[in-house]
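**Q** A single structure is presented below for examination.
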Amino acid sequence: MSQSPMISVPIKATNEIDWVTPLKSYIRNTYGDDPERYAEECETLNRLRQDMRGAGKESTSGRDMLYRYYGQLELLDLRFPIDEQHIKISFTWFDAFTHKPTTQYSLAFEKASVIFNISAILSAHAALQNRADDSTLKVAYHSFQAAAGMFTYINENFLHAPSFDLSRDTVKALINVMLAQAQEIFIEKQSKDNTKIALRAKLAAQAAYLYNQALEGVQENVTKALFEKVWLTMVTIKTSLFTSMAQYYQGLADEQANQHGIAVARFMAAEALAKEADRLAKNFPSNVPSSSNLSADCGAQLQELCKRHYSSIQDKHKEALKDNDYIYHQTVPAEASLPPIAKLPAAKPIPVSELYAGQDIQRITGPDLFAKIVPMAVTESASLYDEEKAKLVRAETEKVDTANGEMAASLDYLRLPGALQVLKGGFDQDIPPDENFRQWCEDIATHDDPSSLFDFLGSEKRAIVKKLEESSTSLDREEGVCEKMRSKYNAEWTQQPSARLTTTLRSDIRGYREALDEASRSDGQLQGKLQQNAPDFNEMRDAVNAGQVDQMFQRAISQARARSSQATSPADIEPNLLDTDFGESGPSVMDQISIIEDILKKLNLIKRERNQVLKDLKEKAHNDDISQVLILNKKSISNYENQLFQQELEKFRPHQNRLLQANHKQSALMKELTSTFNTLLQDKRVRSEQSKYETVQRQRSSVINRYKRTYQEFLDLYAGLQSAKNWYAEMRDTVQSLEKNVETFVNNRRAEGAQLLDQIERDKSSNRNNQAALEQERLRGLMERMTMEGTKSPPQKSRPAPAPLFQSGQAPRYQQQGSYQGQYQMPTSPPAHQQTYGGYSSPPPPASTFSQPTYNPSQLHLA
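Per my numbering, the very first residue in the sequence shown carries number 641; after that it's consecutive.
Structural data, given as structure tokens:
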């Protein structure tokens, strides 16, 4: 009888590479060693890859060559960084389906491609097995699961696939195909062994599910022209075939359970599915592509398989239908109403770690080629042993923490030992505060005094207000000067009014003042909170500084008791009834309390001892170094690590036993404590004291809650002050920026006004110079006429004429304060009438304001 054909994956092809040269160069440059010492190892690695390229799929030798090469790649990766930045080796692999080349410098690409070929060879090895024999059937079953495990390893450890065959979707489809075929082989084994029908129905349902899962991925890859179309046809046939088998086997099981109507419905569904599978098998191509890795008689095998199954179902369907019509008369339900068939997985991916766990794999991969460079084996083994020690310590620590937690929870539930203090009159003794209360006091004491923060905020606010006032004053002063000059020079003063330009700046100043007013109101609220809680803050701070936190807590408890006693009339106060005789037999209350205290002492002793044992265990594990043991035993023991680790870990067994015994003792003592304490609580002499204990607890809770509220108020206040501090800092920076803008504006306006004033004065000076020139011309003409008339009189010794005050065409030049240039020197101090504009001095007064000599012709002496 022919067996069902199976799909196998094609292998990837690759080009040759040179391992020797780059490895030797890296050894020389990085390790500083003579690379010729490792010439043999480099050649061996090169030869391994060359042999791997020719690995065949007919026998296990090809798989073993790939195993060995991949194992050396993993060891190589520990010592040599093979990538584009370090050891640059170009790996070229061809896609298994499209045959397109992909080149990368990544060792991960090389490893993923080798694993893909290992999976492909495993699938081919499984598909080529003659499964008529049980041993070969098991080989095929194991190989398909191993192939699925290798493909799973690719998807879990290699991201960003550079080629289609290594992409996640493609590999996932291959995983489903491998698992479905492994499940199918397992069903073949169960059919040969004639196992229970119900079991085979569940197995067939799982096989149908796996083939259906693979169908979507195969369809997608056929659409992408990666997989051959015959793969899709085969997977479709087997999906229908195993769905039909599941219904057929479940129908047989229903028939055995006297559910003949349901069985007929299942046979009917199985017949329809088998018919579809038979139809597809008849249309299967007689000639399949060589790249599909299917045998030439694949179609014939599928047709025979589907035909045989279809025929069996037809016969069984007719028989069951006839029996139900003539004998059982059960209702045949619709197919949609049939209960689903449970699935039973019998195939799963075998992890790579399990494949490498056997001694045979160690023999195949061989020794580490470059173990001489560094003792990586020892380092790795020591690291693994450290992890084993860490696991042991973590486990024991967890047990100790659990035991301590159980003890604390039990004592807290029983209210021990506090309840004993109350029963002995302990409510009159000091009640210590808890750690939270101490932490609250320390936090308040270590933080800055809020009063100092308020002082700081006040100084910040005053500084900001001062800057705003200065900015406003500068704007007002500049505007006043501008308007004064406009009033003096009227239309000649063409500078734009300041009020139009300072709108935004004055608006910002108003906004900042309003924000400061709002901040002041918030500061007032914080100040009110401080005044309200300051006594409590100071009390908690002073208690920490004086080292009297416990005493302060006791005072608060005493005050709470005093208030409680004032609310309770003397008639309500009950005497201590522990010594009152209620007719109780047995030990006295104090004797029972003593027994409980002894148990508590034992429990505390166990806890301290347990913690000390755990501490010793941690120290011993930390100081335990077996590197020398690993070096001495590595060559003599094969696969020794697990055995050696277990042997070395035995040195911690005494500590583990002591911890275990302590936990057992604690459990026994806790049972005894619970029983004894419950007996004590049932004593009539004790029950009368319960109200006192509850009162003490209420008082303590009241005090704790009061200081908790105070602490929360402090945190809120401090957070508010910090927020205010940050706000004032930001406001200070903002106001400084505003001040710079105001200063820039005022300076620009001053420069503009000074330039305008200088221009006005220059225009006036020019007009005066023109008038003086005209007057000189008139005087010169008059003098010439007088000279000509004088020639008629007797000659006299002529008097030189005075030099003109101004030469024709020349006028004095004026500059701003401090530099008057021309024919005359500016006085050292400016005249009283000199004007200033915004801090800049105006030009000196025009020349006409100085006294100048005048010429009167009647005063000249003529010869």
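For glycine and all other residues, C-beta sits at the position ideal for the given N, C-alpha and C.
1) From this set, A905, Q1286, A912, K1101, which residue's C-alpha is nearest P973's C-alpha?
2) Only counting the same chain, and skipping five residues up and downstream in sequence, which positions put a Cβ closer than 8 Å to that of E1312?
3) Using 10 angstroms around the beta-carbon of F1222, count the other beta-carbons present and answer buried if the total reaches 16, otherwise exposed.
4) Which residue or residues does DSSP assign as beta-bridge partners of P741?
5) Is the CB-CB distance between S1506 and C1122 below 8 Å?
6) Should A847 and N816 be called a contact, given that it needs their Cβ atoms to be closer than 8 Å?
7) For T1530, which three-state DSSP category applies?
8) Under 8 Å between the Cβ atoms of G1393 and M1125?
9) Determine the direct distance from the alpha carbon of D1052 to that of G1045, and round the result to whole angstroms.
10) Helix, strand or coil for A1394, going by three-state DSSP, please let me know.
11) Looking at C-alpha atoms only, which residue of S951, S880, K958, M874 is the closest neighbour of P925?
12) Would you report the Cα separation of S884 and C946, rounded to the nearest angstrom?
13) Please name the residue in H739, L1166, E824, Q1135 whose C-alpha comes closest to that of A865.
14) Return the CA-CA distance between N1244 and A1059, expressed in angstroms with no decimal places.
15) Evaluate contact between the segment 726-740 and the segment 802-810, counting only Cβ atoms and requiring at least three cross-stretch pairs below 8 Å.
16) Who are the Cβ neighbours of F907 in its own chain at under 8 Å, not counting the five residues just before and after it?
17) Which of the three DSSP states is assigned to L768 in this structure?
18) Please report the distance separating the alpha-carbon of T1399 from that of D1116.
19) Determine, using beta carbons only, whether I755 and Y707 come nearer to each other than 8 Å.
20) So, are the CB atoms of V1386 and E1118 less than 8 Å apart?
21) Counting only the same chain and skipping the five closest in sequence on each side, list residues whose C-beta sits under 7 Å from that of V1033.
22) For a quick check, are the C-beta atoms of W733 and K842 less than 8 Å apart?
23) Mind pulling the alpha helix (DSSP H) runs of 4 or more residues that sit fully within the segment 1116-1159?
24) Can you list, in chain order, the residues of its chain whose CB lies under 8 Å from that of H1087, leaving out five sequence neighbours each side?
25) Where does the unbroken alpha helix (DSSP H) through V811 begin, and where does it stop?
26) Going straight from the alpha carbon of I967 to that of W871, what length do you get?
27) Starting from S803 and walking both ways along the alpha helix (DSSP H), at which residues does that stretch end?
28) Per DSSP, what kind of secondary structure is S1114 in: helix, strand or coil?
29) Does N1178 pass the burial test, meaning 16 or more other C-beta atoms within 10 Å, or should it be called exposed?
30) In or out: R1150 buried (at least 16 other Cβ within 10 Å) or exposed?
31) Along the alpha helix (DSSP H) that carries H969, what are the first and last residues, could you check?
32) Are Y781 and A820 touching if we call contact CB-CB under 8 Å?
33) Does the segment 1024-1039 come into contact with the segment 714-734, if we say contact requires no fewer than three beta-carbon pairs (one atom in each stretch) closer than 8 Å?
34) What is the DSSP secondary structure of I1236, reduced to helix, strand or coil?
35) Which residue comes first and which comes last in the alpha helix (DSSP H) that contains D894?
36) Check whether the Cβ atoms of I1013 and R719 lie closer than 8 Å to each other.
**A** Answer, in terms of the structure:
1) Counting from one through the sequence shown, the residue named residue 973 turns up at place 333. With distances taken between Cα atoms, P973 lies closest to A905.
2) What you label residue 1312 is simply residue 672 of the sequence shown in a count that begins at 1. Result list for E1312: I1239, in chain order.
3) In the sequence shown, residue 1222 corresponds to position 582, counting from 1. Any reading at F1222 must be qualified, since the residue scores a pLDDT of 46, below 50, and its modelled position is unreliable; no value is offered.
4) Translated into positions along the sequence shown, residue 741 becomes position 101. P741 pairs with F734.
5) No information on residue 1506 is available, as it lies outside the stretch 641 to 1503 that the chain covers here.
6) On the sequence shown, residue 847 is found 207 positions in, with the first residue counted as 1. On the sequence shown, residue 816 is found 176 positions in, with the first residue counted as 1. It is not a contact, given that the beta carbons lie outside the stated cut-off.
7) This structure does not reach residue 1530, given that the chain is present from 641 up to 1503, and the question cannot be answered.
8) The residue given as residue 1393 occupies position 753 in the sequence shown. The residue given as residue 1125 occupies position 485 in the sequence shown. In contact: G1393 and M1125 (Cβ atoms closer than 8 Å).
9) Along the sequence shown, one-based indexing puts residue 1045 at 405. Along the sequence shown, one-based indexing puts residue 1052 at 412. If I take the Cα positions, the gap works out to 10 Å.
10) Position 754 of the sequence shown, counted from the start, is the residue given in the question as residue 1394. Here A1394 sits in helix by DSSP.
11) By one-based count along the sequence shown, residue 925 stands at place 285. Looking at the Cα atoms, M874 is the closest of the given residues.
12) One-based indexing of the sequence shown puts residue 884 at position 244. One-based indexing of the sequence shown puts residue 946 at position 306. Cα to Cα, S884 sits roughly 10 Å from C946.
13) Locating residue 865 in the sequence shown gives position 225, where the first residue counts as 1. Here the closest residue by C-alpha is H739.
14) Walking along the sequence shown from the start, residue 1244 turns up at place 604. Walking along the sequence shown from the start, residue 1059 turns up at place 419. C-alpha separation (whole angstroms): 17 Å.
15) yes
16) Stepping through the sequence shown from its first residue, residue 907 is reached at position 267. Cβ within range, chain order: Q887, Y888, G891, I953, K956, H957, A960, L961.
17) By 1-based counting over the sequence shown, the position of residue 768 is 128. In the structure shown, L768 falls within a coil segment according to DSSP collapsed to helix, strand and coil.
18) As a working mapping, residue 1399 is identified with position 759 in the sequence shown. As a working mapping, residue 1116 is identified with position 476 in the sequence shown. The question names Thr, but residue 1399 is Gln in the sequence shown. Their Cα atoms are separated by approximately 25 Å.
19) The residue given as residue 755 occupies position 115 in the sequence shown. The residue given as residue 707 occupies position 67 in the sequence shown. In this structure, I755 lies away from Y707, with their beta-carbon atoms at least 8 Å apart.
20) Counting from 1 along the sequence shown, the entry for residue 1386 is found at position 746. Counting from 1 along the sequence shown, the entry for residue 1118 is found at position 478. Yes, they are a contact pair.
21) As a first step, residue 1033 must be located in the sequence shown, where it is residue number 393. L1257, K1258, A1261.
22) Sequence index remark: in the sequence shown, residue 733 carries index 93 (1-based). Sequence index remark: in the sequence shown, residue 842 carries index 202 (1-based). Contact flag unset, no.
23) 1138-1141
24) Position 447 of the sequence shown, counting from 1, holds the residue named residue 1087. Counting only Cβ-Cβ distances below 8 Å, and skipping sequence neighbours, we find F1354, Y1358.
25) Locating residue 811 in the sequence shown gives position 171, where the first residue counts as 1. Residues 808-833.
26) Reading the sequence shown from its first residue, position 327 is the one you call residue 967. Reading the sequence shown from its first residue, position 231 is the one you call residue 871. Cα to Cα, I967 sits roughly 45 Å from W871.
27) The count along the sequence shown starts at 1 and reaches residue 803 at position 163. Neither: S803 is in no alpha helix (DSSP H) and is coded neither H nor E.
28) In the sequence shown, the residue the question calls residue 1114 occupies position 474. If DSSP states are grouped into helix, strand and coil, S1114 belongs with the helices.
29) Here residue 1178 is taken as the residue at index 538 of the sequence shown, counted from 1. Its Cβ having fewer than 16 others within 10 Å, N1178 is exposed.
30) For the purposes of this step, residue 1150 is taken as residue 510 along the sequence shown, with counting starting at 1. By the 10 Å Cβ count, R1150 comes out exposed.
31) Position 329 of the sequence shown, counted from the start, is the residue given in the question as residue 969. Looking at the DSSP string, H969 is not in any alpha helix (DSSP H), and its letter there is neither H nor E.
32) For the purposes of this step, residue 781 is taken as the residue at position 141 of the sequence shown. For the purposes of this step, residue 820 is taken as the residue at position 180 of the sequence shown. It is not a contact, given that the beta carbons lie outside the stated cut-off.
33) At 8 Å Cβ cutoff, the stretches do not touch.
34) For this step, residue 1236 is matched to residue 596 along the sequence shown. Reduced to three states, the DSSP call for I1236 is helix.
35) On the sequence shown, residue 894 is found 254 positions in, with the first residue counted as 1. From DSSP, the alpha helix (DSSP H) with D894 extends over 869-896.
36) For the purposes of this step, residue 1013 is taken as residue 373 along the sequence shown, with counting starting at 1. For the purposes of this step, residue 719 is taken as residue 79 along the sequence shown, with counting starting at 1. Yes.
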